[in-house]
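Here the structure comes first, spelled out in structure tokens, and everything after it is commentary.
Protein chains in written order, with our numbering: chain A, 30 to 203; chain B, 58 to 264.
Laid out in structure tokens, this is it:
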């Protein structure tokens, strides 16, 4: 860990990498862990930011935009991801849409709601069953490389990707 | 807009989805995008002629309108239509509020309301009993939401959607006749055809 890593909070690195990859449409269902990232995106006129009622909508908006030539990303929490298997299995995967999801991981490492802990356990099995590339970021120093690599691979291979933000990144003192 | 006339669902004539789909498509002269929802909505869109600017949603109910919203946001100079059945849109009513909030001038949602899950055996939907989708759309902020009173009124509403700023919503009561065709079931081909169809006219560079 170098001092450079401390200068830029993780969410600012994510914003910078999104811009560098031409991802300028963001849909999200909010989560406390994502609050600073969401605020930064709202504050930056480069991004069109949409907060719909449901994660399925957020996914479908970005899918439609991709087909019309615009790159987007969807932000959500683990419990929001749990509402998505039908939309992923029947739209994103078979239509080969490079949907990039950023999922804040709730339900591990200090969770206080049993339901959140249980729903979190469904996330990786669903991602693996659907063959969706996924990776959890645990280290501050990995944010730029992983987010950049996941976005580039998604669009290069027309495949969805799930970038999981572990509490080791978002809750731990760096 | 001159076409607002506030017909109620009860006053709306029961029309035919295949016929209305053909009437809608016949008016599309500027490579407008059309996103068809799952089931008979799609089948009639397919049967109306496989325009390159048509997208046929095969899998999930209720996502035609959000997909169309994404297309509309990405290509603000192209008019975009979403076609969805009552059973499907009942699963995603929040989409009305999302569209009203984003307020894309180039989006029109068309609802075919036959009061039934026709494809699974014509079980009643909630619109057959108490739900008025135009009332929900208006209350969600989609002020330009109308029941089409008859075929002529439907055409007038489509004309208005093509010439005036949206978002608009047109709801039509339709009968239980079978659709005029069946959609191709190759998702990759559907997506590629649609993407090619959208790469002209509005021409935002594809990344």
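Think of the CB as a built atom: it goes at the ideal place given N, C-alpha and C, for glycine as much as any other residue.
Asked	Found
Close Cβ partners of residue 107 (chain A) (< 8 Å) along its chain, the five nearest in sequence each way excluded	132, 133, 134, 135, 136, 145, 148, 149 and 152
Under 9 Å between C-beta atoms of residue 187 (chain B) and residue 140 (chain B)	no
Residue 55 (chain A) - partner residues in DSSP beta bridges	A:78 and A:102
CB of residue 229 (chain B) within 9 Å of CB of residue 168 (chain B), strictly	yes
Sequence-distant residues of the same chain with beta carbon closer than 7 Å to residue 181 (chain B), five excluded per side	172 and 173
Residue range of the unbroken beta strand (DSSP E) whose run includes residue 96 (chain B)	First-last for residue 96 (chain B): undefined, no H or E at that position.
Three-state class that DSSP yields for residue 179 (chain A) in the structure shown	helix
Chain A contact for residue 145 (chain B) (CB, 9 Å cutoff)	no
Opening and closing residue of the alpha helix (DSSP H) in which residue 40 (chain A) lies	39-49
Minimum C-alpha distance to residue 29 (chain B) - residue among B:209, B:158, B:233 and B:125	Given that chain B is displayed from residue 58 to residue 264, the structure contains no residue 29 (chain B) and the question cannot be resolved.
Of the listed residues B:137, B:255, B:239 and B:138, nearest to residue 75 (chain B) (C-alpha basis)	B:239
Neighbour list for residue 91 (chain A) in chain B, Cβ cutoff strictly below 7 Å	127
Opening and closing residue of the beta strand (DSSP E) in which residue 225 (chain B) lies	225-230
Chain A residues whose Cβ lies nearer than 7 Å to that of residue 159 (chain B)	79
Neighbour list for residue 119 (chain A) in chain B, Cβ cutoff strictly below 8 Å	115, 116 and 117
Minimum Cβ-Cβ distance from residue 199 (chain B) to chain A less than 9 Å	no
Member of A:186, A:130, A:184 and A:174 whose CA lies at the smallest distance from the CA of residue 163 (chain A)	A:130
Contact with chain A by residue 108 (chain B), beta-carbon distance below 9 Å	no
Rounded separation between residue 70 (chain B) and residue 207 (chain B) - CA only	5 Å
8 Å Cβ cut-off: residues of chain A touching residue 248 (chain B)	96, 124, 125 and 126
Between the CA atoms of residue 104 (chain A) and residue 165 (chain A) - distance to the nearest angstrom	14 Å
Helix, strand or coil at residue 180 (chain B) according to DSSP, with G and I counted as helix	strand
Cβ-Cβ distance between residue 184 (chain A) and residue 127 (chain A) below 9 Å	yes
Buried or exposed by the 16-neighbour rule on C-beta atoms within 10 Å, applied to residue 95 (chain A)	buried
Under the three-state DSSP convention, the category residue 163 (chain A) falls into	strand
Residue 170 (chain B) (DSSP reduced to helix, strand or coil)	strand
Within-9 Å CB hit, residue 138 (chain B) to chain A	no
CB contact check: residue 85 (chain A) to chain B, cutoff 9 Å	yes
Within chain C, partners of residue 251 (chain B) - CB distance below 8 Å	Protein chains A and B are contained in the structure displayed, whereas chain C is not.
Given 8 Å, three or more beta-carbon pairs between the region 81-97 of chain B and the region 193-202 of chain A	no
Residues of its chain near residue 185 (chain B), where Cβ-Cβ distance is below 8 Å and the 5 sequence neighbours each way are ignored	172 and 173
Which residues DSSP lists as bridging residue 137 (chain A), in chain order	Answer is none; residue 137 (chain A) lacks a bridge partner.
Any chain A beta carbon closer than 9 Å to residue 131 (chain B)	yes
Under 9 Å between C-beta atoms of residue 37 (chain A) and residue 69 (chain A)	no
Top-ranked residue by Cα proximity to residue 63 (chain A), from A:98, A:49 and A:44	A:44
Min CB distance residue 244 (chain B) to chain A below 9 Å	yes
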